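Student: Below: one structure in structure tokens.
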Amino acid sequence: MRLKDQVALVTGGSRGIGRGIVKAFAAEGAKVAFIYKGSQQAAESLAVEISAAGGLAKAWQGDVANHDEAMKIVELVEAEWGSIQILVNNAGVIRDGLFVAMKPEEWNVVLQTNLGGTFNFCHALAMKLARQRKGRIINISSVAAEHTNPGQTNYAASKGAINSFTRALAVELAGRGVTVNAIAPGFIETDMSENVRNKAGDLIKKMIPLKRLGQPNDIAKAAVFLASADAAYITGQVITVDGGLSLGAVAV
Ligand SMILES: NC(=O)c1ccc[n+]([C@@H]2O[C@H](COP(=O)([O-])OP(=O)(O)OC[C@H]3O[C@@H](n4cnc5c(N)ncnc54)[C@H](OP(=O)(O)O)[C@@H]3O)[C@@H](O)[C@H]2O)c1
220 MRLKDQVALV TGGSRGIGRG IVKAFAAEGA KVAFIYKGSQ QAAESLAVEI SAAGGLAKAW
280 QGDVANHDEA MKIVELVEAE WGSIQILVNN AGVIRDGLFV AMKPEEWNVV LQTNLGGTFN
340 FCHALAMKLA RQRKGRIINI SSVAAEHTNP GQTNYAASKG AINSFTRALA VELAGRGVTV
400 NAIAPGFIET DMSENVRNKA GDLIKKMIPL KRLGQPNDIA KAAVFLASAD AAYITGQVIT
460 VDGGLSLGAV AV
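Numbering (our numbering), first residue to last: 220 to 471.
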């Protein structure tokens, strides 16, 4: 077990990629605290599923965009399980639409959740990880940071900023034994990508050299690696996990 007895905190663990990461971390022996915002039933069922499989995970309700809530959740998790060693900033939202028609609220909620949520939990934990001279921060970015489609100015801005933030924070925390990396997923089969998948149909698979959509577990495996001792010498990197999508080739 690669994460035995470590305490991990995963934001947005109730559904999709985060859910996959929570399961994979628990299967590797970590105690996993995960945050959800509205999907209480899904969150509770995940904790039960993991417990039935012999693991340990607990759901915490909160809004990652709220700094006070992030600080409070970190305190509560540490009061229950002791120091956190691994943070995964996964919670994210989209509000797609062409820029000329974009409402300020659609810009704000995407930046405040994706980038603001990443700031809030890093801010709540960075000093603690630095003091214990051990820690892993993994930010979930997107290939959209570099290869964007129309209708995603807000989302691309949030993910591009996450990549820059990841590199900048990695430089600050490296001397303290804390690594900071990002994972940039391509098209992953979750609720978030449902609209695009429905609209684009088979065209998506033609854009992916490995000829299939990604699954949450494809991202979870990369997150386990980055959280594990095997990735001790990797920091400040954005690791793309997209089946080759960002190579820009049309599959033959
Ligand atoms: N799916 C893809 O193709 C894809 C591609 C590239 C990058 N990503 C990134 O991967 C991450 C996960 O995406 P996904 O596809 O798994 O999305 P998803 O299926 O829509 O799940 C989003 C998760 O984030 C949580 N969340 C959203 N807003 C929150 C908030 N304000 N506070 C706390 N939790 C919040 C949701 O919790 P509730 O359900 O409880 O609200 C849910 O657990 C995101 O950062 C996304 O940008 C996804």
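Ideal placement from N, C-alpha and C gives every residue a C-beta, glycine not left out.
Because the structure is a prediction, the values reported are computed rather than measured.
When you compare the segment 293-305 with the segment 248-264, are there three or more beta-carbon pairs, one atom per stretch, that lie closer than 8 Å?
Tutor: Between the segment 293-305 and the segment 248-264, the count of Cβ pairs shorter than 8 Å is three or higher; the stretches touch.
Student: Which residue wins for smallest C-alpha separation from Leu348, given the options Trp279, Asn358 and Val399?
Tutor: Val399
Student: Once you ignore the five residues that flank Ala375 on each side, which residues in its own chain have a CB closer than 7 Å to its CB?
Tutor: Only residues of its own chain outside the window of five on either side were considered, and among them Ala363, Ala364 and Thr367 have a CB closer than 7 Å to the CB of Ala375, listed in chain order.
Student: Which whole-angstrom value describes the C-beta separation of Lys223 and Gly239, a residue pair presumed to lie in contact below a C-beta threshold of 8 Å?
Tutor: Contact doesn't hold; Cβ gap of about 20 Å is too wide.
Student: According to DSSP, Pro428 sits in a beta bridge with which residue or residues?
Tutor: Paired residues: none, contrary to the question.
Student: Taking only runs that begin and end inside the segment 280-361, name each unbroken beta strand (DSSP E) of 3 or more residues, in chain order.
Tutor: 305-308 and 354-359
Student: Below 8 Å, can you find three or more Cβ-Cβ pairs linking the segment 460-468 to the segment 415-434?
Tutor: Yes: at least three Cβ pairs fall under 8 Å.
Student: So, using beta-carbon positions, are Gly370 and Asp410 closer together than 8 Å?
Tutor: no
Student: According to the neighbour-count rule (16 or more other Cβ atoms, all chains shown, within 10 Å of its Cβ), is Gly433 buried or exposed?
Tutor: Taking all protein chains in view, the Cβ of Gly433 is crowded by 16 or more other Cβ atoms within 10 Å, so the residue is classified as buried.
Student: Start and end of the beta strand (DSSP E) containing Ala401?
Tutor: From DSSP, the beta strand (DSSP E) with Ala401 extends over Val397 to Pro404.
Student: Assuming the contact rule is C-beta atoms closer than 8 Å, Arg386 and Gly455 should be a hit. Round their C-beta distance to whole Å, please.
Tutor: 5 Å
Student: Return yes when at least one heavy atom of ligand 1 lies under 7 Å from the C-beta of Val283, else no.
Tutor: Flag set: Cβ of Val283 near ligand 1.
Student: Taking Ala177 and Ile357 to be in contact with their CB atoms under 8 Å, please state how far apart those CB atoms are, rounded to whole angstroms.
Tutor: Given a span of 220 to 471 for the chain in the structure shown, any question on residue 177 remains unanswerable.
Student: At a cut-off of 7 Å, is Met290 close to ligand 1 when judged by its beta-carbon and the heavy atoms of the ligand?
Tutor: No, ligand 1 has no heavy atom inside 7 Å of this Cβ.
Student: Using 7 Å as the cut-off, classify the Cβ of Ser465 as near or not near the heavy atoms of ligand 1, replying yes or no.
Tutor: Ser465 has its CB no nearer than 7 Å to any heavy atom of ligand 1.
Student: Name the DSSP beta bridge partners of Thr367, please?
Tutor: The partner list for Thr367 (beta bridge, DSSP) is empty, contrary to what the question assumes.
Student: What residues match up with Phe384 in a beta bridge as DSSP calls it?
Tutor: Among the bridge pairs identified by DSSP, Phe384 is matched with none.
Student: Could you name the residues of the same chain whose beta carbon sits closer than 7 Å to that of Thr332, not counting the 5 residues immediately before and after it, in chain order?
Tutor: Val283, Ala284, Ala310, Gly311 and Val312
Student: What's the gap between the Cα of Asn373 and the Cα of Trp326?
Tutor: 5 Å
Student: When the Cα atoms are used, what is the spatial distance from Ala419 to Gly405?
Tutor: 14 Å
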